[in-house]
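Report on the structure given below.
Numbering (this note's numbering), first residue to last: 3 to 579.
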């Protein structure tokens with residue numbers, strides 16, 4: 003059950019019953035648990051409208067609320083707030099139901115199910131992934147998992163950069179400098195090497211540049227030899243990408259790159275011209291937002307055009323992006339399309355979304371933007387080392403695993419064999435958690451030492467708390483599937499842990515609806531602290547009878563919620579650490 007949704011509806015009904023008015027309850031969690039669990043703030047706005055004393059109105063609402071079995075106290079505070087304290091027996095019953103629900107841990111599926119496309123990761127073919135690709139990949143994967151868990155039909159799409167001018171250079175470059183053995187052994191570095199040589203030569207040698215343009219034109223016109231080469235470049239690049247995605251435990255439902263929409267592009271431009279959304283300007287086909295009706299905000303004054311076809315007839319990724327929206331609507335009848343892309347692309351998506359709206363496509367489009375990755379000095383993290391060599395994402399993951407293993411052996415005193423078996427789970431989990439614990443719209447510092455910490459708000463600490471829960475059950479030789487005693491909340495630390503556990507459904511739905519994975523990390527870290535206090539102050543295995551059964555159920559529900567929460571972020575939860 004989503005407690006906040008339930009209480010909000012309860013408070014709205016109380017306002018209606020007490021004041022004979024329908025109004026929003028404006029329910030919020032209290033800032034200080036000493037004052038209760040939740041606060042109803044909607045009465046003050048009503049009092050101002052009705053020109054009545056807000057505390058008197060609030061008293062009537064409080065009287066209605068406290069009559070419900072879920073509420074043990076409803077008190078008027080300040081200028082007219084109503085503080086609510088949940089009834090502990092009612093809360094314990096809620097936890098019993100969550101504990102019995104092994105499939106979903108009490109998290110109901112969304113009533114309004116949608117078809118949602120999540121566009122994420124989207125690297126360029128023939129280029130190695132670096133730290134700059136990390137955020138889109140990790141955030142996008144977490145959003146896919148969250149949306150799917152709350153019941154939506156989700157299509158995760160890796161919109162590859164697999165078409166464009168670079169392939170003309172690659173074709174002529176591979177014919178001149180290519181090493182087929184290197185291409186098979188480690189394809190992407192070889193393609194990068196060749197592209198760098200070809201790009202440099204094209205800047206100095208116009209004849210070479212012209213030959214690259216000619217080969218690109220042949221590719222775009224369907225030349226069999228060039229198309230076979232292009233397919234090979236894409237195939238070997240995908241193989242390399244898949245190995246990296248496997249390390250990250252990231253999967254996609256579709257790998258529809260820019261090339262998938264190439265045949266649609268002439269029709270897209272024709273439609274824009276027919277509907278007078280675009281017009282010709284100096285040989286190019288452009289959208290001028292300042293000439294269109296109904297354009298919102300600053301975009302309506304923008305004079306710089308949104309180009310969909312250049313003067314030489316070439317299409318742009320803006321054209322491909324429009325075609326992509328049309329395809330997703332036609333193929334999946336998608337209700338929403340989310341683009342997990344960095345903040346620098348904000349203007350592009352504002353323009354794209356307005357063009358799609360002008361076309362009359364009924365689909366919610368959202369730019370799920372995120373900030374940059376910074377180094378320890380707060381500057382944009384470099385993607386190349388001092389010698390100009392790329393700092394690859396694979397090498398960063400290698401280092402994360404090595405640091406995690408070393409930390410487990412040297413500081414946590416784990417046996418070398420166990421640490422070696424856990425290094426991938428802990429190291430890559432640490433990298434993911436460090437990213438996902440940030441509000442995605444913020445920049446964040448990439449700091450290995452903080453990432454692999456076993457204390458504070460870090461992935462290894464959360465994994466360790468999960469392992470502690472598993473350890474208690476092992477020591478007591480408890481089969482979790484056999485636990486079924488009624489939960490009772492008597493000790494203050496039991497109550498705090500119970501309240502935290504009960505918030506999980508609200509947190510999951512909020513994280514999914516707002517595409518904010520850090521809501522999950524915030525909850526898990528708070529849960530870990532509450533569990534630690536409970537573990538310290540409440541005997542579990544040495545308690546007896548109903549109390550022992552209750553506390554074991556709390557341990558087990560904490561274990562499951564930790565595992566579920568980490569799993570929704572794409573992070574494994576080991577049972578031993």
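Every residue gets a Cβ at the ideal spot worked out from N, C-alpha and C, and that includes glycine.
query: Can you give, in chain order, each stretch of the alpha helix (DSSP H) that sits fully within the segment 386 to 428 and has at least 4 residues?; result: 395 to 412
query: Does the distance from the CB of residue 287 to the CB of residue 311 come in under 7 Å?; result: yes
query: With DSSP as the reference, identify every bridge partner of residue 286, one or two as the case may be.; result: 283
query: Roughly how many angstroms separate the alpha carbons of residue 518 and residue 15, rounded to a whole number?; result: 30 Å
query: Return yes when the Cβ of residue 448 is within less than 7 Å of the Cβ of residue 383, no when it is not.; result: yes
query: Helix, strand or coil: how does DSSP classify residue 311 here?; result: strand
query: Is DSSP giving residue 560 helix, strand or coil here?; result: helix
query: Would you kindly check if the distance between the Cβ of residue 57 and the Cβ of residue 38 is under 7 Å?; result: no
query: At 4 residues or longer, what runs of the alpha helix (DSSP H) sit wholly inside the segment 9 to 71?; result: 44 to 52 and 56 to 68
query: In terms of DSSP beta bridges, what is residue 372 paired with?; result: 344
query: Roughly how many whole angstroms lie between the Cα atoms of residue 253 and residue 122?; result: 11 Å
query: Quick one: what does DSSP say residue 111 is sitting in, helix, strand or coil?; result: coil
query: Where do the ends of the alpha helix (DSSP H) carrying residue 332 lie?; result: 319 to 334
query: In the structure shown, what three-state DSSP assignment does residue 141 receive?; result: helix
query: Measure from the alpha carbon of residue 354 to the alpha carbon of each residue in 307, 93 and 396, then state which is nearest.; result: 307
query: Check the C-beta distance from residue 446 over to residue 573 and give it rounded, since I have them as a contact under 8 Å.; result: Contact doesn't hold; Cβ gap of about 17 Å is too wide.
query: Which one or two residues does DSSP pair with residue 263 in a beta bridge?; result: DSSP, once it has assigned bridges, lists no residue as partnering residue 263.
query: Going by beta carbon distance, what residues of the same chain come within less than 7 Å of residue 422, once the five residues before and after it are set aside?; result: 407
query: Which one of 48, 20 and 415 has the shortest CA to CA distance from residue 28?; result: 48
query: Excluding the five sequence neighbours on either side, which residues of its own chain have a C-beta within less than 7 Å of the C-beta of residue 139, listed in chain order?; result: 122, 123, 250 and 252
query: Starting from residue 474, follow the alpha helix (DSSP H) in both directions and report where the run begins and ends.; result: 461 to 477
query: Please give the ranges of any alpha helix (DSSP H) in the segment 72 to 109, keeping only runs that are unbroken, at least 4 residues long and fully inside the region.; result: 90 to 102
query: Kindly list the residues whose CB is nearer than 6 Å to the CB of residue 60, restricted to its own chain and excluding five residues on each side of it in sequence; keep chain order.; result: 45, 78, 82 and 84
query: Just confirm the distance between the C-beta atoms of residue 340 and residue 368, as a whole number of angstroms; I'd bet it's less than 8 Å.; result: 5 Å
query: Identify which residue in 5, 21, 18 and 514 has its Cα closest to the Cα of residue 30.; result: 5
query: Can you tell me which of the three DSSP states residue 444 falls into?; result: coil
query: Within the chosen definition, does the segment 522 to 541 reach the segment 559 to 566 through at least 3 CB pairs nearer than 8 Å?; result: yes
query: Between the Cα of residue 128 and the Cα atoms of 373, 172 and 94, which residue gives the shortest distance?; result: 172
query: Hey, quick one: how far does the alpha helix (DSSP H) through residue 155 stretch, first residue to last?; result: Looking at the DSSP string, residue 155 is not in any alpha helix (DSSP H); the run it does join, the beta strand (DSSP E), is 155 to 159.
query: Classify residue 367 as helix, strand or coil using the three-state DSSP reduction.; result: strand
query: State yes or no: is the C-beta of residue 425 within less than 7 Å of the C-beta of residue 403?; result: yes
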